[in-house]
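Visitor: Questions regarding the structure given below will be posed in turn.
Chains as they are written, first to last, in this note's numbering: chain B, 271 to 492; chain X, 35 to 295.
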């Protein structure tokens, strides 16, 4: 360690690769979050529907995802599904599916809490002007819930972004995988991992800052 | 036969669990009238108001709006609950202003007023905007159209809520203790707006603890006591010559406002 001589030229030589890898990771996180939000919203409505045949399977899904490691889900979908002749997904798509299912379970809980926290008085006001049930959801409940849950959605995005490193396990060329490859080729262990860490840190921090701006922009609920 | 009254309630009953809150309420509101409900807390005033626009469903008696039963249709003598869509359509014929304002927190004042106009009544954006602007002007808030609820005082929020309700041109406007959550110095601006609406001929049914206001604007006053109509009449009789003992003691709590009859 003491004798280690830093040689940062390895980073300069591979900057394009690292940049692409970082962007892929961000893209994976954002797409998975969006799909996860759709899954989570449907799941949250199923949970609060009061219909057992809807809420029970959703409950099982959420608990299963929350209580098993994400890496297992990734392996199961990537290596397991082809065993059942389901093999139309490439490794990136398979990972997006895994991360989306994972995000969906967490977003379900976020949205369920969000729906529960919306004061009844807003719904009553929407009823009083004659809005139909779906209109009350679309024009009042969802916009209010979105603003209430925005901080949680943001935290989930940052978590998901860090979890994209698990895609390295199935050789998706995101940042961790790419860093390991450069490592294997150059043996510049410290430079590569330090750079990868700095990129994760800077990106996650940037996301957090953007989210804070968004929260301020939508802070009409106090 | 005469045209049906705008609102006719007969023997309206409502029970929450074991507690019978409404024990058979009769009440009629004619077009253009201002009718006030007074009474102690827990006498059923608010519950009755909420039954009229189906925020609660009455479980006995009937409420007729322009002759149509509220909340159900009759096939023979059997009652069939209306679909959610039809219930929404019935609610759209009524306006309601709440004690806690209930403005949509994510929308500016003018968007609060426009939401029902565009989504429920299907009006175009510019027409809805003109209507909303007109009514915000009528409640004295033309300058605040772009403000969000959290940027407005309680009195201003309540005036926006009144504009939101009246802009829909409801057959009947319901007011549920709309000044009870306001700081005392903000009450007058809201009552002033309501007085203006009453004078312009809008039909109103209100629950209020503002006895001077009730006396001055109402055509008819109904005193509820323990879920029943204990006394009803023109304000001059109710305030000037009350007969019911409980009404006398109720009014006595506002002593100094009225001469004893």
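All C-beta atoms, glycine included, are put in the ideal place defined by N, C-alpha and C.
Among the residues of its own chain, which have a CB less than 6 Å from the CB of residue 94 of chain X, if the five just before and after it don't count?
Guide: Closer than 6 Å at the Cβ level, and outside the excluded window around residue 94 of chain X, lie 47.
Visitor: Residues bridged to residue 254 of chain X by DSSP?
Guide: Partner(s): X/69.
Visitor: Checking the sheet assignment: what are the DSSP bridge partners for residue 46 of chain X?
Guide: Looking at the DSSP assignment, residue 46 of chain X forms a beta bridge with X/59.
Visitor: To the nearest angstrom, how far is it from the Cα of residue 298 of chain B to the Cα of residue 459 of chain B?
Guide: So the alpha carbons of these two residues sit roughly 26 Å apart.
Visitor: Whose CA, out of X/274, X/145, X/54, lies closest to the CA of residue 82 of chain X?
Guide: When only C-alpha atoms are compared, the closest one is X/54.
Visitor: Would you kindly work out how many angstroms separate the C-alpha atoms of residue 322 of chain B and residue 313 of chain B, rounded to a whole number?
Guide: Distance between the alpha carbons of residue 322 of chain B and residue 313 of chain B: 13 Å.
Visitor: Given residue 410 of chain B, which residues of its chain have a CB within under 6 Å of its CB, disregarding the five upstream and five downstream residues?
Guide: Correct list, in chain order: 392, 396.
Visitor: Taking C-beta to C-beta, are residue 151 of chain X and residue 74 of chain X nearer than 8 Å?
Guide: No, the pair does not count as a contact, with Cβ atoms beyond the cut-off.
Visitor: When you compare only the Cα positions, how much space is there between residue 307 of chain B and residue 326 of chain B?
Guide: Rounded to the nearest angstrom, the two C-alpha atoms are 20 Å apart.
Visitor: Whose CA, out of B/315, B/347, B/340, lies closest to the CA of residue 328 of chain B?
Guide: Among B/315, B/347, B/340, the Cα nearest to that of residue 328 of chain B is on B/315.
Visitor: Thinking just about the alpha-carbon of each residue, which of X/197, X/241, X/232, X/205 is nearest to the one in residue 211 of chain X?
Guide: Of the candidates X/197, X/241, X/232, X/205, the one whose C-alpha sits nearest the C-alpha of residue 211 of chain X is X/241.
Visitor: Check whether the segment 445–453 of chain B touches the segment 281–295 of chain B, counting contact only when three or more Cβ pairs, one atom from each stretch, lie closer than 8 Å.
Guide: Contact holds: three or more Cβ-Cβ distances are below 8 Å.
Visitor: Is DSSP giving residue 53 of chain X helix, strand or coil here?
Guide: DSSP places residue 53 of chain X in strand when its eight states are reduced to three.
Visitor: In the DSSP output, which residue or residues are listed as bridge partners for residue 114 of chain X?
Guide: The partner list for residue 114 of chain X (beta bridge, DSSP) reads X/107.
Visitor: Determine, for residue 402 of chain B, whether the minimum Cβ-Cβ distance to residues of chain X falls below 8 Å.
Guide: Interface residue, yes.
Visitor: For chain B, find out if any of its Cβ atoms is closer than 8 Å to the Cβ of residue 48 of chain X; answer yes or no.
Guide: No, its Cβ sits nowhere closer than 8 Å to a Cβ of chain B.
Visitor: Tell me, please, whether the segment 424–442 of chain B touches the segment 363–374 of chain B by the rule of three or more beta-carbon pairs shorter than 8 Å.
Guide: They touch, by the three-pair rule.
Visitor: Taking the alpha helix (DSSP H) that residue 305 of chain B falls in, what are its first and last residues?
Guide: Note, residue 305 of chain B: alpha helix (DSSP H), 285–318.
Visitor: Pick out whichever of X/137, X/85, X/89 has its Cα sitting closest to the Cα of residue 97 of chain X.
Guide: Comparing Cα-Cα distances from residue 97 of chain X to each of X/137, X/85, X/89, the minimum goes to X/85.
Visitor: With a 10 Å radius around its C-beta and 16 neighbouring C-beta atoms as the bar for buried, classify residue 180 of chain X as buried or exposed.
Guide: Exposed: under 16 other Cβ atoms inside 10 Å.
Visitor: Can you tell me which of the three DSSP states residue 131 of chain X falls into?
Guide: Three-state DSSP puts residue 131 of chain X in a strand.
Visitor: What residues in the segment 384–411 of chain B have a beta carbon less than 7 Å from any beta carbon of chain X?
Guide: From the segment 384–411 of chain B, only 391, 392, 394, 395, 397, 398, 399, 400, 401, 402, 403, 405, 409, 410 have a Cβ closer than 7 Å to chain X.
Visitor: Cα-Cα, which of X/173, X/250, X/42 is closest to residue 101 of chain X?
Guide: Comparing Cα positions, the closest option is X/42.
Visitor: Is there at least one Cβ from chain X nearer than 8 Å to residue 417 of chain B's Cβ?
Guide: With 8 Å as the cut-off, residue 417 of chain B counts as an interface residue toward chain X.
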